[in-house]
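Taken in order, these protein sequences are the chains called V and W.
Per the numbering used here, residue 124 is the first one in the first sequence, and the count goes up by one each step.
Per the numbering used here, residue 817 is the first one in the second sequence, and the count goes up by one each step.
Using N, Cα and C, we set each Cβ at its ideal position, and we do this for glycine too.
Predicted, not measured: the structure shown is a model, and the values here were computed from it.
Quick notes on the structure that follows.
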Amino acid sequence: MDAVLDNLDTFRQGFVTTLALTVVSTVLALALGTLLAAMRVSPVPTLRAAGTTYVEVVRNTPLTVVFFFAVFVLPQLDILLSFFTFAVIAVSVYHAAFFCEAVRSGINSVGVGQAEAARSIGLTFTQSLRLVVLPQAFRTVVPPLINVVIALTKNTSIAAAFGVVELTAITTRLANGNSDAVLAIFGGSAVCYLALTLTSGFLAGRLERRVAVAR
Amino acid sequence: MSEAVLYDATGPRGRRRILIGSVAGVVLVVLVLGVAVARLAAKGVLEGERWQILTRGDLLELLGRGLVATLRAAALAMVLAMAVGGLLAVARLSRRRWLAVPAGAWVELFRGLPLLLVILFLFLGLPAAGVTISTFWALVGGLTLYNSAVIGEIFRAGVLSLPKGQTEAAYAVGLRRGQTLRLILLPQAVRLMLPALISQGVTLLKDTSLGFVIAYAELLRTGRNAVEFLGGPYSIPVYTAIAALYIAVNASLSFLARWLDRRTRRRYGRTVQPSAADEAA
């Protein structure tokens, strides 16, 4: 237990890095995922094909392999960024595919009448998607979206293997340094992760009730 | 909602605009790729010889061994996770609280923790407690703990999705609760959850790549070792080959899952849907 208390500050730094990685990647991945979902339902066949290809390729690739391409291949293209930025890129690119699928299932769950009404008053595809369909779609997929955020939070741990000193990296470091207190150190880090994931799950339930569309 | 209701059928002008836009978009993408290729070519990364490495027997044999190690860990972890997951589902469905509550806690705990943390705990934590464990078993153990929680929930959802009449009919002919579950509910539930189980198998297969972190010699680790031996310029061909291998195996499994899903839904009207989140993990 002392090992955890003595290193509370180190833990806090790791926790903050994990949190920052989670928040930045969530924002980017959600934006990219929404764009991909819009592409996949658009009237332009080229965009539909591009969106589908992206999702199929990324969904079947392990996140670790995506990290490999970000960390080892981008520098070959003279793109030199910090490990944190590489991690943000890898995590965002990977989870955008899952956000896309969640948003798309939301779009499919909006009643046909809504889109028909939007079209009949003369809205274009972009307008009807932006003003009518997406606002309702997001409300129906709050739980799946939050579930992807929870998965993303957990997956940021992989950044530990690629130079980012976040919670998991801190945990292994401390565990290697204090072999007599390994259990307490892993326990402390587990509590940190559960604090993030279980809170998100709890918030998801409350948010879902608040934004639910009465149908 | 069928997606076609979002827009009118495109007319001749729209089709022309789409064509022009598509061509412009493709040209733009080709330009960006061209710049990337030019940069790589300037470094000599794209010389034919770099890609010819992929035809070398010893590299292919190495990657083949890595793939076998990946599939071996995935298959064993899947079997174990299904066994533990089955027990968890039965425990959570049980009326006995001393069974249902711990099983629920197990599920919440292992679904809420990063898989990598669990694997690292088995790998670093257990030796500290005096139990040595090989990288293979640390990976398989971590995958089993995590996936048993997810698969347990798939099993439970499958059983709960069956019509109530099945249980009532089983009780009416005098079966006990355990018998009802074993003889009536599970055989029907398995059909409904088979697609979800296969998608979870894809996730599990992807997660074996975490073995890389604890230096278990799976596909990714053997590839990394090869690149460290050959040198950085060979990273793109080797990693592309690895990604292609993963995508080939996983895409065929995903295809199988979708085909089964469609077939099951046609026959039984429903299936257990895997959540996007469990697939992302």
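{"query": "Under the three-state DSSP convention, the category V:P185 falls into", "result": "coil"}
{"query": "Proximity winner among W:I949, W:Q1016 and W:V843, relative to W:N1066 (alpha-carbon distances)", "result": "W:Q1016"}
{"query": "Residue from W:R972, W:Q995 and W:L1072 with nearest C-alpha to W:T983", "result": "W:Q995"}
{"query": "8 Å Cβ cutoff, W:D1077 in contact with chain V", "result": "no"}
{"query": "Burial state of W:G1027 (16 or more Cβ within 10 Å)", "result": "buried"}
{"query": "Distance, W:R1037 Cα to V:G328 Cα", "result": "40 Å"}
{"query": "Residues that V:V167 contacts on chain W, provided the C-beta gap is smaller than 8 Å", "result": "I834, G837 and S838"}
{"query": "With 16 other Cβ atoms within 10 Å as the buried cut-off, status of V:T247", "result": "exposed"}
{"query": "Chain W contact for V:E179 (CB, 8 Å cutoff)", "result": "yes"}
{"query": "Chain-ordered chain V contacts of W:V956 [CB-CB under 9 Å]", "result": "By Cβ distance, chain V contributes nothing, its closest Cβ being about 16 Å from W:V956, past 9 Å."}
{"query": "Test item: CB-CB of V:R163 and V:R227 under 8 Å", "result": "yes"}
{"query": "CB contact check: V:L246 to chain W, cutoff 8 Å", "result": "no"}
{"query": "Which of helix, strand or coil DSSP assigns to V:I212", "result": "helix"}
{"query": "Rounded Cβ spacing between W:A905 and W:E1034 (contact assumed at less than 8 Å)", "result": "About 29 Å; that fails the 8 Å criterion."}
{"query": "Pick from V:I230, V:E239 and V:E179 that is closest to W:A825, judged by C-alpha positions", "result": "V:E239"}
{"query": "heavy atom of the ligand MG below 7 Å from V:G229 C-beta", "result": "In the structure shown, the ligand MG is absent, as is every other ligand, since no ligand is present at all."}
{"query": "Length-filtered (4 minimum) alpha helix (DSSP H) runs lying within the stretch 268-335 of chain V", "result": "290-300 and 305-334"}
{"query": "Segment contact, 8 Å Cβ cut-off, at least three pairs: the stretch 172-185 of chain V with the stretch 130-146 of chain V", "result": "no"}
{"query": "When V:Y217, V:L200, V:G174 and V:L203 are compared against V:F190, the one with the closest alpha-carbon", "result": "V:Y217"}
{"query": "Run of the alpha helix (DSSP H) containing W:P1011, from where it starts to where it stops", "result": "L1002 to D1023"}
{"query": "Contact with chain V by W:P930, beta-carbon distance below 8 Å", "result": "yes"}
{"query": "Which listed residue (W:F1045, W:A1005, W:A1064 and W:A1073) has its alpha carbon closest to that of W:Y1084", "result": "W:A1005"}
{"query": "8 Å contact criterion, which V:A292 and V:A298 should meet: CB distance rounded", "result": "That belief does not hold up - the Cβ atoms of V:A292 and V:A298 are roughly 11 Å apart, past 8 Å."}
{"query": "Within chain V, the residues that W:L870 reaches when beta carbons sit closer than 7 Å", "result": "Those within 7 Å of W:L870 in chain V number zero; the least Cβ separation is about 16 Å."}
{"query": "W:G957 versus V:A274: straight-line alpha-carbon distance, rounded", "result": "20 Å"}
{"query": "W:I967 versus V:P267: straight-line alpha-carbon distance, rounded", "result": "18 Å"}
{"query": "Backbone secondary structure at V:L246 - three-state DSSP", "result": "coil"}
{"query": "Residue-level contact to chain W via CB, V:T196, 8 Å cutoff", "result": "What sits at residue 196 of chain V in the sequence shown is Val, not Thr. By this cut-off, V:V196 is an interface position."}
{"query": "Validate contact between the stretch 308-323 of chain V and the stretch 923-930 of chain W using beta carbons, cut 8 Å, 3 pairs", "result": "yes"}
{"query": "Given V:S251 as reference, the closest of W:R992, W:Q1089, W:A1073 and W:L822 once Cα atoms are compared", "result": "W:L822"}
{"query": "Interface flag, W:I967 vs chain V, CB-CB below 8 Å", "result": "no"}
{"query": "Straight-line Cα distance separating W:A893 from V:A307", "result": "27 Å"}
{"query": "Cα-Cα separation, V:T187 to V:A225", "result": "22 Å"}
{"query": "V:D129, DSSP secondary structure in three states", "result": "helix"}
{"query": "Length of the line joining the Cα atoms of W:V975 and V:I244", "result": "46 Å"}
{"query": "C-alpha distance - W:A985 paired with W:R1086, whole-angstrom precision", "result": "21 Å"}
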